[in-house]
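Chemist: Submitted below is the structure of interest, expressed as structure tokens.
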Amino acid sequence: MYQGISLTQAPPFGVVVSFFCNGLVYLFLAGVVMLGTDFFLASDFIALLHCFSIGFLLCVMFGALMQMLPVLGGVRLSYPKFVCALTLINLNVGLLCFLFGFLAPFSTLDFQVFLTIACICLPLGVGIFACNVFVKLAQIKHFTPSLIFMICALCALVVAVIFGVLRLGSYAGIWNFEDEVLLASHVSFGAFGWILALIVGVMLQVLPMFYVAPSFKKSFYKGILPSLFGALLVALVLKGFLGKVADSLLFGVFGALLLSVSVSAFYTLKARKRKLKEPSIFLWNLGFACFFLSSLLFFSAVFFPYASLIYGAGVLFLCGILSIVFSMLCKIVPFLAWFHLSYNGVMSLPSMQSFITPKMMKALVFGFYGFCLCAIVGLVFHKILALSAFFLLFLSLLLLFGILRSFYLHKKILKTSPKLDLSAFASMQS
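Residue 1693 in the working numbering sits at position 198 of the sequence shown; the count goes up by one each step and never skips.
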């Protein structure tokens, strides 16, 4: 089950937890923004979307990358605590300035100052983390499919950040790059080149590892990366020449990618050897269902490019991402807490279910069903969206409590439980 997994190069558990908790705080803030603003306005919508993408997803994915790249690649990232602190400081300062700049009244000049700070701090935070990873790539001897997906996702993130900074600088008045191709490139590389590729990369490792599911077919993970980036590049180049006419091609690419991921992942999980119906399975299947429905709406938008179809596809895509990421966190955090205790020689190890309990998992599942239902219905009946915001507040607080509880139990057991004397093994390894 744990073949190829080693914690000798892994960062401290607290470093990973700090990324996860930071992300969940922004997810809670996203719920507050949904309640306190009219996010159908362009500026409020931009703030809300980046509260999800940068605040929650970027922080969580950085935490996952910081843990999984050393574990799977066998290399130690340099100065993990320092890099974590520097990355989070820049991301937090940059994102808070970003949010205030877009949520503040545009009648004042102050918003441009905040957007300028965001234009500096956000790429700096991403660049510090990315450079730390890229420097270590030369030391990796064996690249697994999961590693390849993660590295490609990180490259796509850098590209998305470059396009985003160019766009953000236009809002800040630094330069003028008001271009539809620039915006489409930022969204495409951010949503599909980074987020979707990284989710698939983590999924390739997590599903076989935790659920004893069969490995994904080689045709899937060997074909989807070239198809993903190749189709995105062709569609974006054509958009530069054809303008909005090429949007249909982009929608078709998005639909095909989501369809292939959802179907392949669903049948892989369905073929698992552990047939226990634990709560996290429902979150995975909910995410796959949202991806599948989103793909159908994207295909429909190819022929009927109505705004309602595109928004619906985007909402379903976001619901699918959140459901899958929550399911990953509910499996990864208890496993890391347990594995770090085992690596430190703790003799009486608790079960993984003692960190994030089954009752908490069931509450998360029901909360997610409520959130997704209200978010979808809210596209038609806007007042229902307030309920989805309350569900989001509940989900973020509950998982934040579960992660902090896991970290507290990890620290408590590490201090109080008897440990094996591992000095002999350490001397043998040295």
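Glycine is no exception: its CB is placed at the ideal position from the N, C-alpha and C atoms.
Leaving out five residues before and five after Phe1523 in sequence, what residues of the same chain have Cβ atoms less than 7 Å from its Cβ?
Modeler: Position 28 of the sequence shown, counted from the first residue, corresponds to residue 1523. Here the set comprises Leu1888, Ser1891 and Leu1892.
Chemist: Measure the alpha-carbon distance for Val1656 versus Cys1616 and round it to whole angstroms.
Modeler: In the sequence shown, residue 1656 corresponds to position 161, counting from 1. In the sequence shown, residue 1616 corresponds to position 121, counting from 1. Rounded to the nearest angstrom, the two C-alpha atoms are 11 Å apart.
Chemist: Give the DSSP-derived three-state secondary structure of Val1949 in the structure shown.
Modeler: The requested residue 1949 does not occur in the structure, where the chain is confined to residues 1496 to 1925.
Chemist: Does the distance from the C-beta atom of Gly1851 to that of Gly1782 stay below 7 Å?
Modeler: By one-based count along the sequence shown, residue 1851 stands at place 356. By one-based count along the sequence shown, residue 1782 stands at place 287. The question names Gly, yet the displayed sequence has Ile at residue 1851. No, the pair does not count as a contact, with Cβ atoms beyond the cut-off.
Chemist: Do you know how far the Cα of Val1682 is from the Cα of Asp1742?
Modeler: Within the sequence shown, numbered from 1, the residue matching residue 1742 stands at position 247. Within the sequence shown, numbered from 1, the residue matching residue 1682 stands at position 187. Using only the alpha carbons, I get a separation of about 12 Å.
Chemist: Does the distance from the CB of Leu1693 to the CB of Leu1677 come in under 7 Å?
Modeler: Numbered from 1 along the sequence shown, position 198 holds the residue referred to as residue 1693. Numbered from 1 along the sequence shown, position 182 holds the residue referred to as residue 1677. No. Outside cutoff.
Chemist: Could you check if Tyr1903 is buried or exposed, using at least 16 other CB atoms within 10 Å of its CB as the buried criterion?
Modeler: For the purposes of this step, residue 1903 is identified with residue 408 of the sequence shown, where counting begins at 1. Exposed, since its Cβ has fewer than 16 Cβ neighbours within 10 Å.
Chemist: Can you tell me where the alpha helix (DSSP H) with Glu1675 in it begins and where it stops?
Modeler: Here residue 1675 corresponds to residue number 180 of the sequence shown, with the count starting at 1. First-last of the alpha helix (DSSP H) with Glu1675: Glu1675 to Ser1683.
Chemist: Applying the criterion that 16 or more other CB atoms from any shown protein chain within 10 Å of the CB defines a buried residue, is Gly1688 buried or exposed?
Modeler: Translated into the one-based positions of the sequence shown, residue 1688 becomes position 193. Result: buried.
Chemist: Between Ala1751, Ala1613 and Trp1779, which lies nearest to Leu1792 when the distance is taken from Cα to Cα?
Modeler: The sequence position of residue 1792 within the sequence shown is 297, counting from 1. Comparing Cα-Cα distances from Leu1792 to each of Ala1751, Ala1613 and Trp1779, the minimum goes to Ala1751.
Chemist: Take the Cβ of Pro1800 as the centre, count every other Cβ of all protein chains shown within 10 Å, and call the residue buried at 16 or more, exposed below.
Modeler: Your numbering for residue 1800 matches position 305 in the sequence shown. Only exposed fits Pro1800, as fewer than 16 other CB atoms lie within 10 angstroms of its CB.
Chemist: Okay, do the segment 1806 to 1816 and the segment 1865 to 1873 touch, 3+ Cβ pairs below 8 Å being the bar?
Modeler: By the criterion of at least three beta-carbon pairs nearer than 8 Å, the segment 1806 to 1816 is in contact with the segment 1865 to 1873.
Chemist: In angstroms, rounded to a whole number, what distance separates the CA positions of Ser1757 and Ala1784?
Modeler: Here residue 1757 refers to the residue found at position 262 when the sequence shown is read from its first residue. Here residue 1784 refers to the residue found at position 289 when the sequence shown is read from its first residue. Roughly 7 Å between the two C-alpha positions.
Chemist: In chain order, which continuous runs of the alpha helix (DSSP H) of length 4 or greater are located wholly inside the segment 1590 to 1648?
Modeler: 1605 to 1631
Chemist: Taking just the CA atoms, how far does Asp1533 sit from Ala1884?
Modeler: Here residue 1884 corresponds to residue number 389 of the sequence shown, with the count starting at 1. Here residue 1533 corresponds to residue number 38 of the sequence shown, with the count starting at 1. Cα to Cα, Ala1884 sits roughly 13 Å from Asp1533.
Chemist: Just to confirm the assignment, what range does the alpha helix (DSSP H) spanning Ile1541 have?
Modeler: Here residue 1541 corresponds to residue number 46 of the sequence shown, with the count starting at 1. Segment Ala1537 to His1545, the alpha helix (DSSP H) holding Ile1541.
Chemist: Have a look at Leu1804, Gly1747, Leu1731 and Val1707 and flag the residue whose alpha-carbon is nearest the alpha-carbon of Lys1765.
Modeler: For the purposes of this step, residue 1765 is identified with residue 270 of the sequence shown, where counting begins at 1. Of the listed residues, the one whose Cα sits closest to Lys1765 is Val1707.
Chemist: Excluding sequence positions up to five away, which residues of its chain have a Cβ less than 6 Å from the Cβ of Phe1746?
Modeler: The residue labelled residue 1746 in the question sits at position 251 within the sequence shown. Closer than 6 Å at the Cβ level, and outside the excluded window around Phe1746, lie Phe1793, Ala1796 and Val1797.
Chemist: Within 10 Å of its beta-carbon, does Lys1768 have 16 or more other beta-carbons around it, so buried, or fewer, so exposed?
Modeler: Translated into the one-based positions of the sequence shown, residue 1768 becomes position 273. Burial call: exposed.
Chemist: Does the count of Cβ pairs from the segment 1583 to 1603 and the segment 1538 to 1551 closer than 8 Å reach three?
Modeler: yes
Chemist: Where does Thr1911 land, buried or exposed, given buried means 16+ other C-beta within 10 angstroms?
Modeler: The residue given as residue 1911 occupies position 416 in the sequence shown. Exposed: under 16 other Cβ atoms inside 10 Å.
Chemist: Just to confirm before moving on: does the CB-CB distance between Cys1592 and Phe1609 stay below 7 Å?
Modeler: Along the sequence shown, one-based indexing puts residue 1592 at 97. Along the sequence shown, one-based indexing puts residue 1609 at 114. Yes, the pair counts as a contact, with Cβ atoms nearer than the cut-off.
Chemist: Between the C-alpha atoms of Leu1552 and Leu1652, what's the straight-line distance to the nearest angstrom?
Modeler: For the purposes of this step, residue 1552 is identified with residue 57 of the sequence shown, where counting begins at 1. For the purposes of this step, residue 1652 is identified with residue 157 of the sequence shown, where counting begins at 1. Spanning the two alpha carbons is a distance of roughly 12 Å.
Chemist: Do the segment 1512 to 1522 and the segment 1558 to 1566 make contact, defined as three or more Cβ pairs closer than 8 Å?
Modeler: yes
Chemist: Measure the C-alpha to C-alpha separation of Phe1577 and Leu1590 and round it to an integer number of angstroms.
Modeler: The residue you call residue 1577 lines up with position 82 of the sequence shown. The residue you call residue 1590 lines up with position 95 of the sequence shown. Cα to Cα, Phe1577 sits roughly 20 Å from Leu1590.
Chemist: Should Lys1826 and Phe1644 be called a contact, given that it needs their Cβ atoms to be closer than 7 Å?
Modeler: For the purposes of this step, residue 1826 is taken as the residue at position 331 of the sequence shown. For the purposes of this step, residue 1644 is taken as the residue at position 149 of the sequence shown. No, the pair does not count as a contact, with Cβ atoms beyond the cut-off.
Chemist: Decide if Lys1734 is buried, meaning its Cβ has at least 16 other Cβ atoms within 10 Å, or exposed.
Modeler: Within the sequence shown, residue 1734 is the residue found at index 239, counting from 1. Lys1734 is buried by the Cβ-count criterion.
Chemist: Per DSSP, what kind of secondary structure is Arg1767 in: helix, strand or coil?
Modeler: Along the sequence shown, read from residue 1 onward, the residue named residue 1767 stands at position 272. Coil at Arg1767, not helix or strand.
Chemist: Report the three-state DSSP secondary structure of Ala1505 (helix, strand or coil).
Modeler: Sequence index remark: in the sequence shown, residue 1505 carries index 10 (1-based). Coil at Ala1505, not helix or strand.
Chemist: Does Val1828 come within less than 7 Å of chain D when only Cβ atoms are used?
Modeler: Checking the listed chains, one finds no chain D in this structure; it contains a single protein chain.
Chemist: Report buried or exposed for Gln1634, applying the criterion of at least 16 other Cβ atoms within 10 angstroms of its Cβ.
Modeler: As a first step, residue 1634 is located in the sequence shown; it is residue number 139 there, counting from the start. That one is exposed.
Chemist: With a cut-off of 8 Å on the beta carbons, I'd call Ser1759 and Phe1711 a contact; round off their distance for me.
Modeler: As a working note, residue 1759 is residue 264 in the sequence shown. As a working note, residue 1711 is residue 216 in the sequence shown. Right, the Cβ-Cβ distance comes to about 6 Å (below 8 Å), so this counts as a contact.
Chemist: Alpha helix (DSSP H) containing Lys1854: first to last residue?
Modeler: Here the question's residue 1854 lines up with position 359 in the sequence shown. Segment Pro1853 to Val1872, the alpha helix (DSSP H) holding Lys1854.
Chemist: Which residues in the same chain as Lys1906 place their Cβ atom closer than 7 Å to its Cβ, once the five residues preceding and following it in sequence are excluded?
Modeler: As a first step, residue 1906 is located in the sequence shown; it is residue number 411 there, counting from the start. Excluding positions up to five away in sequence, the list is empty.
Chemist: Whose C-alpha, out of Gly1725, Leu1727 and Tyr1864, is nearest the C-alpha of Pro1774?
Modeler: Taking the sequence shown and counting its residues from 1, one reaches residue 1774 at position 279. Relative to the Cα of Pro1774, the nearest Cα in the group Gly1725, Leu1727 and Tyr1864 belongs to Tyr1864.
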